[in-house]
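Enquirer:
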Amino acid sequence: MRFRGPGGEAVGQRKIRTGGHCASEPVYQGQIPSVSKHFGSPEAKETRGREGQAAPVSRKHRDLEPQTEDSAWPARLPPLRRPNGQLTYQALSLLSSGRAPAARHAGNLPGARDAVSPAPKHRTSPREQPVFTTRAHVFQIDPSTKKNWVPASKQAVTVSYFYDVTRNSYRIISVDGAKVIINSTITPNMTFTKTSQKFGQWADSRANTVFGLGFSSEQQLTKFAEKFQEVKEAAKLARDKSQEKIETSSNHSQASSVNGTDDEKASHAGPADAHLKSENSKLKIALTQSAANVKKWEIELQTLRESNARLTTALQESAASVEHQAHSIDELEEQCSEINREKEKNTQLKRRIEELESELREKETELKDLRKQSEIIPQLMSECEYVSEKLEAAERDNQNLEDKVRSLKTDIEESKYRQRHLKVELKNFLEVLDGKIEDLHDFRRGLSKLGADN
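Under full-length UniProt numbering, the sequence shown has 371 at position 371, and the numbering climbs by one with no breaks.
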């Protein structure tokens with residue numbers, strides 16, 4: 001068995017035994033699951049057996065089984081197994097024809113229980129007991145595209161696990177009013193996959209579809225997945241126990257059939273020829289039917305191969321679509337980043353516009369002030385002319401004063417020169433005067449001496 005990755009890509013196949021032949025069925029898992037188309041017809045659903053087991057019986061024949069024993073059938077059936085454990089042609093013929101007593105008798109054979117088990121019903125019986133119940137939105141995969149989800153309920157409905165005591169099996173059942181939405185028998189090969197925080201899915205090959213459940217919270221999804229795993233393990237244990245019981249009963253039936261055959265040979269030695277002729281005719285009929293079944297299985301095998309090829313092509317297209325979507329997502333993310341950058345630029349531009357608007361308002365206020373000031377410009381001009389005239393007069397006066405200052409400076413220099421010259425002359429005069437005064441003192445002293453002498 002091969003598996004698929006989380007993106008739905010094919011990483012494996014599961015082998016299906018069909019009457020001794022082996023076909024490959026792709027297994028899908030992930031966001032876009034698919035189911036093999038060869039499970040669509042009721043006859044094809046019942047042709048899946050195990051290797052070395054009896055040929056399965058179609059459901060349309062099995063449904064014809066009467067409720068009471070038919071008196072037309074012989075009280076004692078011929079042995080259905082040879083001493084080596086293989087099924088006889090009578091068993092193959094009875095199983096292939098779908099005749100009810102043979103089907104009931106073959107139910108004790110290994111593999112025949114699965115071949116003649118009735119199809120799942122859509123109503124729960126008193127023998128079924130609810131194990132777990134929750135509410136969720138139910139979806140089914142689109143049978144045409146195998147890619148899109150189709151809602152099976154308009155609102156959240158009740159989804160329950162039921163345990164069949166008689167058959168020792170588990171089923172998931174959901175009913176919306178009088179409509180059965182889910183009727184899925186859980187097998188050990190099923191897998192419940194969480195594709196998101198609140199969504200999970202599983203594939204039902206018998207119903208030829210994929211069921212999806214959308215929950216209101218992640219806790220409900222986790223509980224449902226855990227219960228699915230528990231039920232799956234319980235179904236596996238039940239299957240193992242039933243196989244052990246079937247093997248035990250088959251060994252017991254082999255021993256009894258061998259003993260019964262020896263007793264027949266001893267007690268019915270007379271009509272052996274007639275019995276052999278009837279056996280030969282039955283063997284011929286069984287051989288013819290077996291050949292027809294082999295042809296039908298070959299046709300089904302070819303159909304399965306073609307279906308597998310179509311599914312492989314669809315898977316490749318799905319992978320290409322996923323890559324394209326991933327590329328589109330990258331482009332969208334880049335566009336989102338560009339949009340965010342543009343938003344930032346727009347925010348900056350808005351701020352700049354607001355600043356410019358405030359500056360414009362200030363300029364308008366200044367302009368109004370200037371306009372008010374412009375109204376007094378003529379008066380200011382006249383005052384300016386008057387001031388200019390005064391300034392010119394002051395400049396003329398200043399020029400005159402400067403001329404006077406220059407003349408005064410010249411006079412001062414001349415007066416200073418004359419003063420220096422006068423100082424020199426005065427000094428000379430004082431020196432001469434001092435000399436004269438000394439001469440007078442000398443003359444006076446001489447006179448005083450003369451007077452004293454006299």
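Idealized CB from N, CA, C, for every residue including glycine. This one's a predicted model, so the numbers in the text were calculated from it and none came from an experiment.
In whole angstroms, give me the CA-to-CA distance for residue 224 and residue 303.
Expert: Distance between the alpha carbons of residue 224 and residue 303: 36 angstroms.
Enquirer: Start and end of the alpha helix (DSSP H) containing residue 217?
Expert: Premise fails: residue 217 is in no alpha helix (DSSP H) and is neither H nor E.
Enquirer: Can you name the start and end residues of the alpha helix (DSSP H) that residue 352 belongs to?
Expert: Its alpha helix (DSSP H) spans residues 272-374.
Enquirer: Return the Cβ separation of residue 211 and residue 198 in integer angstroms, given the expectation that the two are a contact with Cβ distance under 8 angstroms.
Expert: The Cβ separation is near 15 angstroms, so there is no contact.
Enquirer: How many Å lie between residue 227 and residue 272 at the Cα?
Expert: Those two C-alpha atoms are separated by around 59 angstroms.
Enquirer: Could you round the C-beta distance between residue 201 and residue 195 to whole angstroms and report it? I think they count as a contact, below 8 angstroms.
Expert: Indeed, because the Cβ distance is near 6 angstroms, the residues count as touching under 8 angstroms.
Enquirer: Cutting at 7 angstroms between CB atoms, please list the residues of its own chain near residue 41, excluding the five before and the five after it.
Expert: Any answer about residue 41 is weak, because its pLDDT of 40 lies below 50 and its placement is not dependable; what the coordinates show is given next. There are no such residues.
Enquirer: Which of the three DSSP states, helix, strand or coil, is assigned to residue 197?
Expert: Reduced to three states, the DSSP call for residue 197 is coil.
Enquirer: Cα-Cα, which of 358, 167, 137 is closest to residue 153?
Expert: Looking at the Cα atoms, 137 is the closest of the given residues.
Enquirer: Could you check whether residue 159 and residue 186 sit closer than 8 angstroms to each other, using their CB atoms as the reference points?
Expert: No. Outside cutoff.
Enquirer: Tell me which residues share the same chain as residue 204 and place their Cβ nearer than 6 angstroms to its Cβ, disregarding the 5 neighbours each side in the sequence.
Expert: Only 184 meet the Cβ criterion.
Enquirer: To the nearest angstrom, how far is the alpha carbon of residue 457 from that of residue 329?
Expert: The shown model of the chain, from 1 to 454, leaves out residue 457, and the question about it has no answer.
Enquirer: Figure out for me which residue from 236, 346, 151 has the closest Cα to the Cα of residue 189.
Expert: Residue 236 is the option with its Cα nearest to residue 189.
Enquirer: Identify whether residue 205 lies in helix, strand or coil by the three-state DSSP scheme.
Expert: Correct three-state label for residue 205: coil.
Enquirer: Go ahead and label residue 429 buried or exposed: buried means 16 or more other beta carbons lie within 10 angstroms of its beta carbon, across all protein chains shown.
Expert: Looking at its Cβ environment, which holds fewer than 16 other Cβ atoms inside 10 Å, residue 429 is exposed.
Enquirer: Can you round the beta-carbon distance between residue 238 and residue 168 to whole angstroms, since I take them to be within the 8 angstroms contact cut?
Expert: Correct: roughly 4 angstroms between the Cβ atoms.
Enquirer: For residue 179, which of helix, strand or coil comes out of DSSP?
Expert: If DSSP states are grouped into helix, strand and coil, residue 179 belongs with the strands.
Enquirer: I need the DSSP call for residue 153, collapsed to helix, strand or coil.
Expert: Three-state result, residue 153: coil.
Enquirer: Measuring CB to CB, does residue 129 end up less than 8 angstroms from residue 163?
Expert: Cβ distance < 8 angstroms, so residue 129 and residue 163 count as in contact.
Enquirer: Which stretch, first to last residue, makes up the alpha helix (DSSP H) that contains residue 429?
Expert: Note, residue 429: alpha helix (DSSP H), 377-453.
Enquirer: On the DSSP bridge assignment, give the partners of residue 136 in chain order.
Expert: For residue 136, which the question treats as bridged, DSSP gives the partners 157.
Enquirer: Tell whether a beta-carbon distance below 8 angstroms holds between residue 220 and residue 134.
Expert: Cβ atoms of residue 220 and residue 134: closer than 8 angstroms.
Enquirer: Exposed or buried, residue 146, counting other C-beta atoms within 10 Å across all chains shown (16 or more means buried)?
Expert: Buried: at least 16 other Cβ atoms inside 10 Å.
Enquirer: Pull the bridge partners of residue 246 from the DSSP assignment, please.
Expert: Paired residues: none, contrary to the question.
Enquirer: Is the Cβ-Cβ distance between residue 150 and residue 142 less than 8 angstroms?
Expert: Yes. Within cutoff.
Enquirer: Taking the alpha-carbon positions, what's the residue 350 to residue 360 distance?
Expert: Their Cα atoms are separated by approximately 15 angstroms.
Enquirer: How big is the Cα-Cα spacing for residue 452 and residue 418?
Expert: Straight-line Cα distance between these residues: approximately 49 angstroms.
Enquirer: How many angstroms separate the CA atom of residue 318 from the CA atom of residue 345?
Expert: C-alpha separation (whole angstroms): 40 angstroms.
Enquirer: In its own chain, which residues sit with a C-beta less than 6 angstroms from the C-beta of residue 443, not counting the 5 before and 5 after it?
Expert: Excluding sequence neighbours, residue 443 sits near nothing in its chain.
Enquirer: Which partner residues of residue 172 appear in the DSSP bridge assignment?
Expert: 161, 184.
Enquirer: Let me check one thing: in DSSP terms, what residues is residue 143 bridge-paired to?
Expert: According to DSSP, residue 143 bridges with nothing at all.
Enquirer: Looking only at DSSP bridge pairs, what is residue 231 linked to?
Expert: Answer is none; residue 231 lacks a bridge partner.
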